[in-house]
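Residue numbers (our numbering): 32 to 313. All C-beta atoms in this analysis are idealised placements derived from N, C-alpha and C, irrespective of residue type, glycine included. Given the structure is predicted, the values throughout are model-derived calculations rather than measurements. Right, one structure below, let's go through it.
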Ligand SMILES: C[S@@+](CC[C@H](N)C(=O)[O-])C[C@H]1O[C@@H](n2cnc3c(N)ncnc32)[C@H](O)[C@@H]1O
C-alpha cells in the first residue's frame, strides 16, 4: 500500500514529465480533493496508506491533468476574493488580475459611501466580479449579465452557494438593461485578438470557452461597442471599471477619448502592466 507522501512524490514526477507547471501543487490539490481533506492536512497524515479506490480516483484525475485540462476545471471550484465559486468549462476560470480589479473597485466604493448603489457586472461568466463585490459591499444592488445562458446559470448557482442576493440578466452586452441606469458598471469582456487567440497556450485555448476569450479581430471590439452604447445607461457621477489586455492601454484610452469623462485612468497589475481602465462621468 502506498502512503500519501509516496503518492505525492510519484504524482509530482508524473506531472513534471508532462511539462505541466505547478506540478507539486497540482498533485497536492488533486490528492486533497480525492481524500476530501485540506491540502495542508496531507502533511499531517503523510504516512497514511491509501485504499485502492482512492488510488484509482487519483490516477483518473492525473490522467485528465496530463492532457492539459486546467486544475480548476478538474477540481470544479476556485476561491476568489472571499467567495467559493463553482467552475465549469462554460466559463472563463477567474484570474488573479481580476481579484486585483475587485480589490481596487471595492476600496473605491467604500471610500465614497455617498455614491449610488446600483452596480452592473457585464460579461459576468462565473459571476466572480459582481458576487465578490456584493460580498465586500453588501448595500450594493448588483446585477450580473452574460450572453451565455450556461454561464448565467452557473453564476446563479454561485450566488446561492455564497448566500448573495443579486439580479441576473441574459443578453448581449447592455441590451438587457435597456431603459435603466447605473452608478457603477464593470466589465471584463473577451479581449484577445484573433492572432493572440491562435497563439494561446493550448491549456487555455482547448479548454476555456472561445466566446469568453476572443474579442474580435483586433481584440478591442467590445470596448469600441461599449464606448458607443454606454452613455444612455449612466447616472450622473457614474464610474466605469474595465479589465483590459496587456498592451491595450493606449488603444482603450483612445477609444473612450471622445466622450465627456471627468477623469480616466489606466492602472497596473502586480507585473506593472496596464491592466485596468477606470472612467468617471461628469
Ligand atoms: C473574459 S470572460 C469574463 C468572465 C468573468 N467576468 C471574469 O472576469 O472571470 C467574458 C464573458 O463575456 C461573455 N460574453 C461574450 N460575448 C458577450 C456579449 N456579446 N454580451 C454579453 N456577454 C458576452 C462570455 O460568455 C464570458 O462569460
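Taking Cβ to Cβ, would you say residue i is nearer than 8 Å to residue j?
i           : j           : result
residue 300 : residue 280 : no
residue 309 : residue 270 : yes
residue 262 : residue 243 : no
residue 227 : residue 250 : yes
residue 162 : residue 190 : yes
residue 33  : residue 66  : no
residue 138 : residue 168 : no
residue 156 : residue 122 : yes
residue 104 : residue 192 : no
residue 204 : residue 225 : no
residue 38  : residue 71  : no
residue 177 : residue 159 : no
residue 298 : residue 135 : yes
residue 216 : residue 276 : no
residue 208 : residue 264 : yes
residue 129 : residue 274 : yes
residue 296 : residue 147 : no
residue 109 : residue 124 : yes
residue 73  : residue 63  : yes
residue 175 : residue 152 : yes
In the structure shown, what three-state DSSP assignment does residue i receive?
i           : result
residue 212 : coil
residue 225 : helix
residue 184 : helix
residue 110 : strand
residue 57  : helix
residue 147 : coil
residue 297 : strand
residue 272 : strand
residue 173 : strand
residue 34  : strand
residue 178 : coil
residue 85  : helix
residue 308 : strand
residue 237 : coil
residue 39  : helix
residue 162 : helix
residue 117 : strand
residue 266 : strand
residue 96  : helix
Would you mind working out which of the options sits nearest residue i, comparing C-alpha positions?
i           : options            : result
residue 47  : 252, 263, 96       : 96
residue 119 : 179, 220, 195      : 179
residue 58  : 36, 239, 75        : 36
residue 107 : 75, 52, 188, 152   : 188
residue 126 : 102, 50, 147       : 102
residue 201 : 186, 212, 195, 69  : 186
residue 289 : 258, 272, 278, 303 : 258
Who are the Cβ neighbours of residue i in its own chain at under 6 Å, not counting the five residues just before and after it?
i           : result
residue 184 : none
residue 173 : 150, 161, 165, 197
residue 78  : 34
residue 282 : 251
Can you check whether the C-beta of residue i is within less than 8 Å of a C-beta belonging to chain B?
i           : result
residue 198 : No chain B appears in the structure shown, which is made up of a single protein chain.
Note down, in chain order, each residue of its chain lying with its Cβ closer than 7 Å to the Cβ of residue i, except the 5 sequence neighbours on either side.
i           : result
residue 54  : 43, 46, 47
residue 294 : 311
Any heavy atom of ligand 3 closer than 7 Å to the Cβ of residue i?
i           : result
residue 291 : For the structure depicted, ligand 3 is absent and the ligand set comprises only ligand 1.
Which residues in the same chain have their Cβ closer than 8 Å to the Cβ of residue i, if we skip the five residues on either side of it in sequence?
i           : result
residue 260 : 204, 205
residue 292 : 310, 311, 312, 313
residue 214 : 146, 147, 148, 149, 150, 266, 268, 269, 270
residue 256 : 204
residue 231 : 223, 244
residue 113 : 163, 166, 167
residue 117 : 107, 108, 157, 185, 188, 189, 192
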